[in-house]
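Below: the structure, in structure tokens.
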Amino acid sequence: MIKNVGSIDKTARIVLGLGLLSLIFILEGNARWWGLVGILPLVTVAMSWCPAYTLFGLKTNKGK
8 MIKNVGSIDK TARIVLGLGL LSLIFILEGN ARWWGLVGIL PLVTVAMSWC PAYTLFGLKT
68 NKGK
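Here you go:
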């Protein structure tokens, strides 16, 4: 896997992921489990690779 997620993109994904995960504590009932969607952006940050970027040929990191 070629890294395709840059540093600014990583920061935005961390904020988005943590914000979505916070829904688990804010919402009530079954709607709260939608907060687990926040795991996806955090996983892409950990791997520095986004499958959607690969699909569309995008790259936000400044490396090779």
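Per my numbering, the sequence shown starts with residue 8, numbered consecutively. The C-beta atom is built at its ideal place from N, Cα and C for all residues, glycine as well. If you're wondering where the values come from, they're calculated on a predicted model, not measured in any experiment.
* Asked: Any chance the segment 42-60 sits against the segment 17-32, with 3 or more Cβ pairs inside 8 Å?
  -> yes
* Asked: How is the alpha helix (DSSP H) around M54 delimited, first residue to last?
  -> The residue labelled residue 54 in the question sits at position 47 within the sequence shown. Where M54 is concerned, the enclosing alpha helix (DSSP H) stretches over I46 to M54.
* To do: Helix, strand or coil for L25, going by three-state DSSP, please let me know.
  => Here residue 25 refers to the residue found at position 18 when the sequence shown is read from its first residue. If DSSP states are grouped into helix, strand and coil, L25 belongs with the helices.
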